[in-house]
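Asks: Before I ask anything, let me first share the structure, which is written out below as C-alpha coordinates.
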Amino acid sequence: MKITDLQKAVQEIDFNDEKQKELLRALKKGKRRGGSGSALRIAASFAVCLLAVGILSVPVRAVVSSLVKERMEEQPKEEVTKLAEEIQSQPTDVDGCTREYTVAEKERKGKLYTQYQEGLFPEKELVRVDSEEEAAEYEFCFLTTTGIFYLPANRELTDEEILQQIDFEVKRDYALEEQHAQELAERKEAEKQQLQELADAGGITEERAVEIATGYLQQIFGIGGNAMERNQYYQGEDENIPMYDNTYCVNWSDRGNSRYYYFHIDALDGTLRAMSYSGELDESEEVKPSSADAPAKAAEMKDVAERFLREKLDIQDDYQEVKSYYLVKTVNGSVSRLVDVLFVREDGSADLVSCRWDGEVSDYLVTTKKACEESLKTSAKAIAERHTKKTGEETEVEIVEN
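Just so we're aligned, residue -17 is where the sequence shown starts under the working numbering, counting upward by one.
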(Lines of atoms letter the chains of each structure in order from A and count residues from 1; the text may use other names and numbers.)
(Lines give C-alpha, C1' and ligand atoms only; values in the text may rest on other atoms or scores of the structure.)
Protein backbone atom coordinates (compact mmCIF):
# COMPACT_ATOMS: atom_id res chain seq x y z
CA MET A 1 0.00 0.00 0.00
CA LYS A 2 1.32 3.45 -0.86
CA ILE A 3 1.79 6.11 1.80
CA THR A 4 -0.99 8.17 0.22
CA ASP A 5 -3.33 5.19 0.47
CA LEU A 6 -2.50 4.89 4.16
CA GLN A 7 -3.22 8.59 4.60
CA LYS A 8 -6.63 8.33 2.93
CA ALA A 9 -7.55 5.17 4.81
CA VAL A 10 -6.80 6.92 8.09
CA GLN A 11 -9.34 9.61 7.23
CA GLU A 12 -12.16 7.15 7.92
CA ILE A 13 -10.77 5.35 10.95
CA ASP A 14 -13.28 5.79 13.73
CA PHE A 15 -11.23 7.94 16.06
CA ASN A 16 -12.44 11.36 17.07
CA ASP A 17 -11.46 14.20 14.72
CA GLU A 18 -8.39 15.20 16.70
CA LYS A 19 -6.88 11.74 16.63
CA GLN A 20 -7.66 11.33 12.93
CA LYS A 21 -5.76 14.53 12.28
CA GLU A 22 -2.83 13.50 14.42
CA LEU A 23 -2.53 10.12 12.71
CA LEU A 24 -2.54 11.76 9.28
CA ARG A 25 0.06 14.21 10.49
CA ALA A 26 2.30 11.44 11.73
CA LEU A 27 2.02 9.54 8.45
CA LYS A 28 2.72 12.61 6.36
CA LYS A 29 5.81 13.40 8.34
CA GLY A 30 7.29 10.00 7.55
CA LYS A 31 8.03 9.10 11.15
CA ARG A 32 9.38 12.50 12.10
CA ARG A 33 6.94 13.22 14.85
CA GLY A 34 5.98 16.00 17.17
CA GLY A 35 3.11 18.04 18.47
CA SER A 36 0.72 16.31 20.82
CA GLY A 37 1.29 13.12 22.72
CA SER A 38 -1.22 11.34 20.54
CA ALA A 39 0.70 12.20 17.39
CA LEU A 40 3.84 10.85 18.99
CA ARG A 41 2.28 7.53 19.92
CA ILE A 42 0.66 7.11 16.51
CA ALA A 43 3.87 7.76 14.63
CA ALA A 44 5.82 5.45 16.89
CA SER A 45 3.40 2.65 16.10
CA PHE A 46 3.41 3.28 12.38
CA ALA A 47 7.18 3.71 12.20
CA VAL A 48 7.62 0.00 12.80
CA CYS A 49 5.12 -0.86 10.05
CA LEU A 50 6.66 1.58 7.60
CA LEU A 51 10.15 0.39 8.39
CA ALA A 52 9.07 -3.13 7.49
CA VAL A 53 8.14 -2.05 3.97
CA GLY A 54 11.35 -0.14 3.58
CA ILE A 55 10.44 3.54 3.65
CA LEU A 56 12.08 4.73 6.84
CA SER A 57 14.26 7.29 5.08
CA VAL A 58 14.49 10.10 7.63
CA PRO A 59 15.13 10.37 11.34
CA VAL A 60 12.09 10.04 13.56
CA ARG A 61 12.86 13.37 15.16
CA ALA A 62 15.04 16.38 14.49
CA VAL A 63 16.68 17.83 17.58
CA VAL A 64 17.75 21.27 16.47
CA SER A 65 18.65 22.58 19.91
CA SER A 66 22.11 21.64 21.12
CA LEU A 67 20.83 21.82 24.70
CA VAL A 68 18.05 19.34 23.97
CA LYS A 69 20.44 17.10 22.05
CA GLU A 70 22.81 17.06 24.98
CA ARG A 71 19.93 16.21 27.32
CA MET A 72 18.89 13.30 25.13
CA GLU A 73 22.39 11.91 24.88
CA GLU A 74 22.86 12.08 28.65
CA GLN A 75 20.06 9.56 29.24
CA PRO A 76 21.11 6.12 30.46
CA LYS A 77 21.02 3.65 27.59
CA GLU A 78 18.79 1.37 29.65
CA GLU A 79 16.13 4.09 29.87
CA VAL A 80 16.27 4.79 26.13
CA THR A 81 15.81 1.08 25.40
CA LYS A 82 12.93 0.85 27.86
CA LEU A 83 11.11 3.77 26.22
CA ALA A 84 11.50 2.24 22.77
CA GLU A 85 10.14 -1.07 24.02
CA GLU A 86 7.17 0.67 25.63
CA ILE A 87 6.26 2.31 22.33
CA GLN A 88 6.12 -1.00 20.50
CA SER A 89 4.44 -2.98 23.26
CA GLN A 90 1.44 -0.70 23.74
CA PRO A 91 -1.65 -2.41 22.28
CA THR A 92 -3.32 0.66 20.82
CA ASP A 93 -2.36 2.76 17.81
CA VAL A 94 -2.87 6.10 19.54
CA ASP A 95 -2.29 7.80 22.87
CA GLY A 96 -5.37 8.88 24.71
CA CYS A 97 -6.21 11.44 27.35
CA THR A 98 -8.69 11.34 30.19
CA ARG A 99 -10.03 14.73 29.06
CA GLU A 100 -9.56 17.27 26.27
CA TYR A 101 -6.82 19.86 26.60
CA THR A 102 -8.11 23.36 27.24
CA VAL A 103 -7.41 26.23 24.86
CA ALA A 104 -5.16 27.83 27.48
CA GLU A 105 -3.20 24.59 27.92
CA LYS A 106 -2.61 24.36 24.17
CA GLU A 107 -1.42 27.96 24.03
CA ARG A 108 0.93 27.48 26.97
CA LYS A 109 2.29 24.29 25.46
CA GLY A 110 3.23 26.19 22.30
CA LYS A 111 5.15 28.78 24.29
CA LEU A 112 6.71 26.27 26.63
CA TYR A 113 7.92 24.13 23.74
CA THR A 114 9.90 27.11 22.45
CA GLN A 115 11.36 27.64 25.91
CA TYR A 116 12.14 23.93 26.15
CA GLN A 117 14.23 24.18 22.97
CA GLU A 118 16.07 27.06 24.63
CA GLY A 119 16.92 24.96 27.68
CA LEU A 120 13.94 25.27 30.04
CA PHE A 121 13.58 21.68 31.22
CA PRO A 122 11.20 20.21 33.81
CA GLU A 123 12.40 19.74 37.34
CA LYS A 124 11.05 16.19 37.48
CA GLU A 125 10.21 13.32 35.13
CA LEU A 126 6.69 12.49 34.00
CA VAL A 127 5.29 9.77 36.24
CA ARG A 128 4.80 6.53 34.29
CA VAL A 129 2.69 3.76 35.78
CA ASP A 130 1.81 0.25 34.67
CA SER A 131 -1.74 -0.20 35.98
CA GLU A 132 -4.99 1.70 36.34
CA GLU A 133 -4.77 1.24 40.09
CA GLU A 134 -1.45 3.07 40.17
CA ALA A 135 -2.76 5.76 37.82
CA ALA A 136 -5.63 6.51 40.21
CA GLU A 137 -3.07 7.61 42.78
CA TYR A 138 -1.85 10.52 40.63
CA GLU A 139 -3.47 13.63 39.17
CA PHE A 140 -1.07 13.60 36.23
CA CYS A 141 0.71 10.54 34.86
CA PHE A 142 1.07 8.25 31.84
CA LEU A 143 -0.25 4.70 31.80
CA THR A 144 2.30 2.72 29.80
CA THR A 145 0.11 -0.32 29.16
CA THR A 146 -2.63 1.64 27.40
CA GLY A 147 -0.88 4.81 26.18
CA ILE A 148 -3.21 7.11 28.11
CA PHE A 149 -2.26 10.44 29.70
CA TYR A 150 -4.15 10.94 32.96
CA LEU A 151 -4.80 14.69 33.23
CA PRO A 152 -6.02 16.60 36.30
CA ALA A 153 -9.82 16.44 36.33
CA ASN A 154 -10.55 19.69 38.16
CA ARG A 155 -7.72 21.99 37.14
CA GLU A 156 -5.41 22.87 34.28
CA LEU A 157 -1.96 21.44 33.87
CA THR A 158 0.82 23.47 35.46
CA ASP A 159 3.77 24.71 33.40
CA GLU A 160 5.93 22.07 35.09
CA GLU A 161 3.52 19.30 34.06
CA ILE A 162 3.37 20.52 30.47
CA LEU A 163 7.17 20.59 30.36
CA GLN A 164 7.22 17.04 31.69
CA GLN A 165 4.95 15.91 28.86
CA ILE A 166 7.02 17.75 26.23
CA ASP A 167 10.19 16.19 27.61
CA PHE A 168 8.62 12.74 27.58
CA GLU A 169 7.49 13.11 23.97
CA VAL A 170 10.94 14.23 22.81
CA LYS A 171 12.60 11.40 24.69
CA ARG A 172 10.33 8.84 23.02
CA ASP A 173 11.18 10.31 19.62
CA TYR A 174 14.85 10.00 20.43
CA ALA A 175 14.47 6.45 21.75
CA LEU A 176 12.80 5.26 18.55
CA GLU A 177 15.50 6.81 16.40
CA GLU A 178 18.23 5.23 18.47
CA GLN A 179 16.56 1.86 18.07
CA HIS A 180 16.92 2.17 14.28
CA ALA A 181 20.23 4.02 14.31
CA GLN A 182 22.14 1.40 12.34
CA GLU A 183 19.62 1.25 9.51
CA LEU A 184 19.43 5.01 9.35
CA ALA A 185 23.22 5.26 9.16
CA GLU A 186 23.29 2.73 6.32
CA ARG A 187 20.65 4.68 4.44
CA LYS A 188 22.60 7.90 4.98
CA GLU A 189 25.69 6.33 3.49
CA ALA A 190 23.73 5.10 0.46
CA GLU A 191 22.26 8.56 0.11
CA LYS A 192 25.72 10.07 -0.33
CA GLN A 193 26.26 7.96 -3.43
CA GLN A 194 22.84 8.90 -4.80
CA LEU A 195 23.54 12.58 -4.27
CA GLN A 196 26.85 12.32 -6.10
CA GLU A 197 25.11 10.69 -9.06
CA LEU A 198 22.49 13.43 -8.93
CA ALA A 199 25.16 16.14 -9.00
CA ASP A 200 26.83 14.48 -11.98
CA ALA A 201 23.48 14.55 -13.81
CA GLY A 202 23.15 18.30 -13.23
CA GLY A 203 20.67 18.15 -10.37
CA ILE A 204 20.14 20.81 -7.73
CA THR A 205 21.84 20.79 -4.34
CA GLU A 206 20.11 20.32 -1.02
CA GLU A 207 20.83 23.96 -0.20
CA ARG A 208 19.05 25.05 -3.38
CA ALA A 209 16.09 22.83 -2.54
CA VAL A 210 15.82 24.53 0.85
CA GLU A 211 15.82 27.93 -0.85
CA ILE A 212 13.04 26.88 -3.22
CA ALA A 213 10.94 25.34 -0.45
CA THR A 214 11.40 28.44 1.70
CA GLY A 215 10.02 30.49 -1.17
CA TYR A 216 6.94 28.27 -1.37
CA LEU A 217 6.45 28.48 2.41
CA GLN A 218 6.25 32.26 2.09
CA GLN A 219 4.27 32.18 -1.15
CA ILE A 220 1.59 29.77 0.05
CA PHE A 221 1.36 30.46 3.77
CA GLY A 222 2.86 33.94 4.10
CA ILE A 223 5.36 32.89 6.76
CA GLY A 224 9.09 32.40 7.12
CA GLY A 225 10.62 29.32 8.66
CA ASN A 226 13.14 30.86 11.06
CA ALA A 227 11.03 30.28 14.17
CA MET A 228 10.37 26.60 13.40
CA GLU A 229 12.37 23.39 13.29
CA ARG A 230 13.55 22.58 9.78
CA ASN A 231 14.60 19.22 8.45
CA GLN A 232 15.55 18.11 4.95
CA TYR A 233 16.56 14.87 3.31
CA TYR A 234 16.91 13.32 -0.11
CA GLN A 235 14.26 10.78 -1.19
CA GLY A 236 15.68 8.36 -3.72
CA GLU A 237 13.76 5.79 -5.70
CA ASP A 238 11.31 3.73 -3.65
CA GLU A 239 8.53 1.57 -5.08
CA ASN A 240 6.36 2.25 -2.02
CA ILE A 241 6.26 6.01 -2.55
CA PRO A 242 7.07 6.59 -6.23
CA MET A 243 5.42 10.02 -6.25
CA TYR A 244 8.34 11.28 -4.15
CA ASP A 245 11.13 9.58 -6.11
CA ASN A 246 14.24 11.71 -6.55
CA THR A 247 13.04 14.65 -4.50
CA TYR A 248 14.32 16.65 -1.59
CA CYS A 249 11.83 16.76 1.26
CA VAL A 250 12.12 20.07 3.11
CA ASN A 251 9.86 20.42 6.11
CA TRP A 252 9.15 22.79 8.96
CA SER A 253 7.61 21.84 12.30
CA ASP A 254 5.98 24.24 14.71
CA ARG A 255 5.60 21.45 17.22
CA GLY A 256 4.38 23.64 20.05
CA ASN A 257 1.39 24.73 17.99
CA SER A 258 1.03 21.42 16.10
CA ARG A 259 1.58 22.89 12.63
CA TYR A 260 3.63 21.10 9.99
CA TYR A 261 4.66 22.10 6.47
CA TYR A 262 6.16 19.64 3.98
CA PHE A 263 7.52 20.30 0.48
CA HIS A 264 8.96 17.78 -1.99
CA ILE A 265 11.22 19.51 -4.50
CA ASP A 266 12.29 17.72 -7.69
CA ALA A 267 16.00 17.00 -7.30
CA LEU A 268 16.73 17.50 -10.98
CA ASP A 269 14.83 20.61 -12.05
CA GLY A 270 13.76 22.16 -8.72
CA THR A 271 10.00 22.09 -9.40
CA LEU A 272 7.45 21.50 -6.65
CA ARG A 273 6.28 17.89 -6.74
CA ALA A 274 4.22 17.82 -3.54
CA MET A 275 3.10 19.96 -0.63
CA SER A 276 1.40 19.00 2.61
CA TYR A 277 0.14 21.07 5.53
CA SER A 278 -1.49 20.00 8.76
CA GLY A 279 -2.58 22.06 11.74
CA GLU A 280 -4.85 21.92 14.73
CA LEU A 281 -8.47 21.28 13.84
CA ASP A 282 -9.73 24.14 15.97
CA GLU A 283 -7.94 26.67 13.74
CA SER A 284 -10.94 26.37 11.38
CA GLU A 285 -13.76 24.11 12.53
CA GLU A 286 -14.05 21.14 10.21
CA VAL A 287 -17.59 19.99 9.46
CA LYS A 288 -18.24 17.18 7.03
CA PRO A 289 -21.47 17.53 5.04
CA SER A 290 -24.16 14.88 4.77
CA SER A 291 -23.97 12.61 1.75
CA ALA A 292 -26.92 14.55 0.31
CA ASP A 293 -25.15 17.90 0.62
CA ALA A 294 -21.72 16.64 -0.37
CA PRO A 295 -22.08 16.92 -4.19
CA ALA A 296 -22.80 20.65 -4.07
CA LYS A 297 -20.04 21.20 -1.53
CA ALA A 298 -17.57 19.21 -3.62
CA ALA A 299 -18.36 21.47 -6.58
CA GLU A 300 -17.37 24.45 -4.41
CA MET A 301 -14.07 22.74 -3.63
CA LYS A 302 -13.24 22.76 -7.34
CA ASP A 303 -13.18 26.56 -7.19
CA VAL A 304 -11.11 26.50 -4.00
CA ALA A 305 -8.58 24.14 -5.60
CA GLU A 306 -8.35 26.16 -8.79
CA ARG A 307 -7.69 29.38 -6.87
CA PHE A 308 -4.94 27.58 -4.98
CA LEU A 309 -3.25 26.54 -8.23
CA ARG A 310 -3.63 29.94 -9.92
CA GLU A 311 -2.97 32.26 -6.98
CA LYS A 312 -0.74 30.33 -4.58
CA LEU A 313 1.32 28.21 -6.98
CA ASP A 314 1.03 30.52 -10.00
CA ILE A 315 0.15 27.59 -12.27
CA GLN A 316 -1.73 28.95 -15.27
CA ASP A 317 -1.90 25.74 -17.33
CA ASP A 318 -4.86 24.76 -19.45
CA TYR A 319 -6.52 21.59 -18.22
CA GLN A 320 -8.44 19.16 -20.36
CA GLU A 321 -10.49 17.81 -17.46
CA VAL A 322 -11.28 18.75 -13.85
CA LYS A 323 -12.83 16.19 -11.52
CA SER A 324 -13.53 15.96 -7.80
CA TYR A 325 -13.59 12.74 -5.77
CA TYR A 326 -14.66 11.83 -2.27
CA LEU A 327 -15.59 8.62 -0.48
CA VAL A 328 -18.89 7.57 1.13
CA LYS A 329 -19.62 4.63 3.41
CA THR A 330 -22.83 2.94 2.23
CA VAL A 331 -23.70 1.67 5.71
CA ASN A 332 -24.16 5.12 7.24
CA GLY A 333 -23.62 7.72 4.50
CA SER A 334 -20.49 9.10 6.19
CA VAL A 335 -18.26 11.05 3.78
CA SER A 336 -14.48 11.21 3.77
CA ARG A 337 -12.62 14.05 5.45
CA LEU A 338 -11.08 15.34 2.23
CA VAL A 339 -12.19 16.17 -1.30
CA ASP A 340 -9.60 15.41 -3.99
CA VAL A 341 -9.75 17.76 -6.98
CA LEU A 342 -7.85 16.50 -10.01
CA PHE A 343 -6.75 18.78 -12.86
CA VAL A 344 -5.78 16.69 -15.89
CA ARG A 345 -3.67 18.00 -18.77
CA GLU A 346 -3.88 16.79 -22.34
CA ASP A 347 -0.67 14.76 -21.96
CA GLY A 348 -2.14 12.79 -19.02
CA SER A 349 -0.18 14.50 -16.27
CA ALA A 350 -2.25 16.02 -13.50
CA ASP A 351 -2.25 18.27 -10.45
CA LEU A 352 -4.09 16.92 -7.41
CA VAL A 353 -5.32 19.36 -4.77
CA SER A 354 -6.84 17.91 -1.58
CA CYS A 355 -9.24 20.17 0.31
CA ARG A 356 -11.01 19.92 3.62
CA TRP A 357 -14.74 20.54 3.50
CA ASP A 358 -14.17 23.87 5.28
CA GLY A 359 -12.21 25.11 2.27
CA GLU A 360 -8.64 24.73 3.54
CA VAL A 361 -6.13 23.11 1.18
CA SER A 362 -4.12 20.39 2.91
CA ASP A 363 -2.17 18.75 0.07
CA TYR A 364 -0.87 19.21 -3.45
CA LEU A 365 0.64 16.47 -5.62
CA VAL A 366 1.88 16.11 -9.19
CA THR A 367 0.39 12.83 -10.40
CA THR A 368 -1.71 11.23 -13.16
CA LYS A 369 -5.41 10.45 -13.42
CA LYS A 370 -4.71 6.71 -13.41
CA ALA A 371 -2.55 6.88 -10.29
CA CYS A 372 -5.12 9.02 -8.51
CA GLU A 373 -8.01 6.67 -9.23
CA GLU A 374 -5.99 3.57 -8.32
CA SER A 375 -5.12 5.19 -5.01
CA LEU A 376 -8.79 5.96 -4.33
CA LYS A 377 -9.77 2.34 -4.99
CA THR A 378 -7.12 1.08 -2.60
CA SER A 379 -8.24 3.57 0.03
CA ALA A 380 -11.92 2.63 -0.35
CA LYS A 381 -11.12 -1.05 0.14
CA ALA A 382 -8.95 -0.39 3.20
CA ILE A 383 -11.60 1.83 4.80
CA ALA A 384 -14.33 -0.75 4.27
CA GLU A 385 -12.20 -3.51 5.77
CA ARG A 386 -11.32 -1.34 8.74
CA HIS A 387 -14.98 -0.48 9.39
CA THR A 388 -16.05 -4.13 9.24
CA LYS A 389 -13.26 -5.22 11.56
CA LYS A 390 -14.06 -2.52 14.09
CA THR A 391 -17.88 -2.63 14.10
CA GLY A 392 -18.81 -6.02 12.66
CA GLU A 393 -20.92 -4.25 10.02
CA GLU A 394 -20.36 -5.00 6.38
CA THR A 395 -20.05 -1.88 4.27
CA GLU A 396 -18.87 -0.73 0.91
CA VAL A 397 -17.08 2.55 0.32
CA GLU A 398 -18.16 4.28 -2.83
CA ILE A 399 -16.00 6.66 -4.81
CA VAL A 400 -18.16 9.63 -5.77
CA GLU A 401 -16.93 11.48 -8.84
CA ASN A 402 -18.10 14.92 -9.98
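Glycine residues also receive a C-beta, built at the ideal position from the N, C-alpha and C atoms.
Only a predicted model underlies this, so the values are computations on that prediction, with no experimental measurement involved.
Would you give the residue range spanned by the beta strand (DSSP E) that A332 belongs to?
Replies: Counting along the chain, A332 sits inside the beta strand (DSSP E) bounded by residues 331 to 338.
Asks: Leaving out the 5 sequence neighbours to the left and right, which residues in its chain are closer than 7 Å to L177 when beta-carbon positions are compared?
Replies: Y216
Asks: Taking just the CA atoms, how far does E303 sit from D77?
Replies: 42 Å
Asks: With Y198 and L254 assumed to form a contact (beta carbons below 8 Å), what rounded beta-carbon distance in angstroms separates them?
Replies: Going by Cβ atoms, the distance from Y198 to L254 rounds to 6 Å, so yes, they are a contact pair.
Asks: Quick one: give me the first and last residue of the alpha helix (DSSP H) that K106 is part of.
Replies: Here K106 belongs to no alpha helix (DSSP H), and DSSP marks it neither H nor E.
Asks: What are the complete alpha helix (DSSP H) segments, minimum 4 residues, inside the segment 125 to 167?
Replies: 141 to 161
Asks: Classify T350 as helix, strand or coil using the three-state DSSP reduction.
Replies: Of the three classes helix, strand and coil, the one that applies to T350 here is strand, per DSSP.
Asks: Would you list the residues sitting across from M54 in a DSSP beta bridge?
Replies: DSSP lists no partner for M54.
Asks: Could you pull the DSSP bridge partners for K305 from this structure?
Replies: L324
Asks: Looking only at its own chain, which residues have a Cβ that is under 6 Å from the Cβ of H369, when we skip the five neighbours before and after it?
Replies: T377
Asks: In the structure shown, what three-state DSSP assignment does K192 receive?
Replies: Looking at the sequence itself, residue 192 is Val, so the reference to Lys does not match. DSSP places V192 in helix when its eight states are reduced to three.
Asks: Could you tell me if K174 is buried or exposed, where buried requires 16 or more neighbouring beta carbons within 10 angstroms of its beta carbon?
Replies: exposed
Asks: Please identify the residue among N213, L334, E143, V313 whose C-alpha is closest to the C-alpha of L320.
Replies: L334
Asks: Which residue comes first and which comes last in the alpha helix (DSSP H) that contains T96?
Replies: 85 to 99
Asks: Name, in chain order, the residues that DSSP records as bridge partners for A217.
Replies: The sequence shown places Gln at residue 217, rather than the Ala named in the question. T229.
Asks: Measuring only the C-alpha atoms, how far is E193 from G341?
Replies: 28 Å
Asks: Any heavy atom of the ligand FMN closer than 7 Å to the Cβ of E82?
Replies: Absent from the structure shown: the ligand FMN. Ligands present: none.
Asks: On the DSSP letters alone, give me the boundaries of the alpha helix (DSSP H) that I69 sits inside.
Replies: 59 to 71
Asks: In the DSSP assignment, the beta strand (DSSP E) including A256 goes from what residue to what residue?
Replies: 254 to 260
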